[in-house]
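Asks: Going by the UniProt record's numbering, the letters in the sequence shown line up with residues 1 to 312, in that order. Cβ atoms here follow ideal geometry from the backbone N, Cα and C, with glycine treated the same way. The model shown is predicted, which means the values in this text are computed figures rather than measured ones.
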Amino acid sequence: MKKRNYLFIVNPEAGSGHAQQVWPQLRHWLNEQQLLYSVHFTQYPHHEYQLAQELAHYLTSTTILVVVGGDGTLHETLNGLHHAGVQVTIGYIPCGSGNDFARGANIPADPLAALQKITTTTDPTTLDIGVFYEKTRNITAVFTNNLGIGFDARVVHQTNRAPSKKFLNKVRLGISSYVLLAINAFFRQRAFQLTATIDGKTQTYERAFLVTTTNHPYFGGGVPIMPLAKMNDGKLDLVIIEKKSTLKFIWLFITMLLPGHRYLSFRNFHHFQANQIDLSTTSSEFGQADGEVLNSDPFNISFTLSKQQFLI
Numbered sequence: 001m002k003k004r005n006y007l008f009i010v011n012p013e014a015g016s017g018h019a020q021q022v023w024p025q026l027r028h029w030l031n032e033q034q035l036l037y038s039v040h041f042t043q044y045p046h047h048e049y050q051l052a053q054e055l056a057h058y059l060t061s062t063t064i065l066v067v068v069g070g071d072g073t074l075h076e077t078l079n080g081l082h083h084a085g086v087q088v089t090i091g092y093i094p095c096g097s098g099n100d101f102a103r104g105a106n107i108p109a110d111p112l113a114a115l116q117k118i119t120t121t122t123d124p125t126t127l128d129i130g131v132f133y134e135k136t137r138n139i140t141a142v143f144t145n146n147l148g149i150g151f152d153a154r155v156v157h158q159t160n161r162a163p164s165k166k167f168l169n170k171v172r173l174g175i176s177s178y179v180l181l182a183i184n185a186f187f188r189q190r191a192f193q194l195t196a197t198i199d200g201k202t203q204t205y206e207r208a209f210l211v212t213t214t215n216h217p218y219f220g221g222g223v224p225i226m227p228l229a230k231m232n233d234g235k236l237d238l239v240i241i242e243k244k245s246t247l248k249f250i251w252l253f254i255t256m257l258l259p260g261h262r263y264l265s266f267r268n269f270h271h272f273q274a275n276q277i278d279l280s281t282t283s284s285e286f287g288q289a290d291g292e293v294l295n296s297d298p299f300n301i302s303f304t305l306s307k308q309q310f311l312i
């Protein structure tokens, strides 16, 4: 194996400072192993995107770009590379509050264990990543976890702006942050009309409430919304949950948090696997991609798949 050069993008704010806390341990181990590396710290929101574009000019066949942060850090980095037109093997060390990508890809939760796995894995694994094109605003981007419209996106919007988020994350209660704000969002979100075209077949849902196009089982910090989804099957999974009854939706949401996946058979839970997905709404709705807030507008959006190599 050729000697690798590791380029680190570290978001010190990820996980309410968790990435900043673990970096000295990672640095010590890298020095101990006499590995060739350099590190770049983000200094403001979305700086990962800019760093990835700048580093794209210096990437070689022996470069491994290692992202240290949360799902949003990985999202911004991959989009910077995507828009620069560059492919590079990625390593990921989860230090965020949700870490759904790491959960879906079976990456160790312990940062040092994740780093050791990156540096000792010989062959990269090719995983699916979603590509979306928002026609109204002429925007193309990629996502590793999911893109949500409606209820879950409203939760993300409220969570990212909640003053309690940092405190809850510091005491490792990020999932509590999600659940508490989900209750608030539930009473604010309204059902909406959604038109879905799935591999050429079109259907309209009059009472859509939660819509997510996902790449693996998890969202919201470990909620297994689609346990059958795989990151290497060449398919996107679409979940549409309708709110036809408040009590039925609450019960469905509760069963998502319980073992057994009973909700998969509920009549208001719709699941599709596809190569091509098109979604449109007639009303302005909240949207999110990998926990990053999208503009709240009527959506007219198309999904396809791309591939990305990871050391996992």
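#1: Can you pull the DSSP bridge partners for H40?
#2: Check whether the segment 77-96 touches the segment 264-277, counting contact only when three or more Cβ pairs, one atom from each stretch, lie closer than 8 Å.
#3: By Cβ distance below 7 Å, which residues in the same chain neighbour A185 in space, the five residues on each side in sequence not counted?
#4: Go through the UniProt domain "DAGKc" (1-136) residue by residue and report every complete run of the alpha helix (DSSP H) that reaches 4 residues or more, in order.
#5: Distance, Cα to Cα, M256 vs Q34?
#6: H47: which of H28, Y37, N31 and G69 sits nearest, CA to CA?
#7: Within the same chain, show all residues whose beta-carbon is closer than 6 Å to that of A229, passing over the 5 residues directly before and after it, in chain order.
#8: Helix, strand or coil: which one does DSSP assign to T255?
#9: Taking DSSP as the reference, what is the three-state secondary structure of D152?
#10: Can you list, in chain order, the stretches of the alpha helix (DSSP H) that have 4 or more residues and sit fully within the segment 232-291?
#11: Just reading off the beta strand (DSSP E) that K201 is part of, what are its end residues?
#12: For the structure I just gave you, are there three or more beta carbon pairs, one from the segment 107-119 and one from the segment 25-43, closer than 8 Å?
#13: Where does L311 land, buried or exposed, given buried means 16+ other C-beta within 10 angstroms?
#14: Using the Cα positions of F8 and V66, report the straight-line distance between them to the nearest angstrom.
#15: How about Q288 and L127: do their beta carbons lie closer than 8 Å?
#16: What number of angstroms, rounded off, separates the C-alpha of L294 from the C-alpha of F286?
#17: Quick check: the Cα distance between K235 and T304, rounded to an integer number of angstroms?
#18: If distances are taken between C-alpha atoms only, which option among A14, H18 and Y58 comes closest to Y44?
#19: What does the Cβ neighbour count give for W251, buried or exposed, with the cut at 16 atoms within 10 Å?
#20: Give me the DSSP bridge partner(s) of A196.
#21: In chain order, what residues of the same chain have a beta carbon less than 6 Å from the beta carbon of T125, not counting five sequence neighbours either side?
Replies: From the atom records:
#1: I9
#2: no
#3: F151, R154, V155 and Q158
#4: 14-32, 47-55, 71-84, 100-104 and 111-120
#5: Going from the Cα of M256 to the Cα of Q34 covers about 45 Å.
#6: In this structure, G69 is the residue among H28, Y37, N31 and G69 with its C-alpha nearest to the C-alpha of H47.
#7: T214, H216, P217 and D237
#8: helix
#9: helix
#10: Runs found: 246-256.
#11: K201 to T214
#12: yes
#13: buried
#14: 5 Å
#15: no
#16: When rounded, the distance between both Cα atoms is 7 Å.
#17: 9 Å
#18: Cα-wise, what sits closest to Y44 is A14.
#19: exposed
#20: In the DSSP secondary-structure assignment, A196 is bridged to Q203 and L279.
#21: Hits under 6 Å: F310 and I312.
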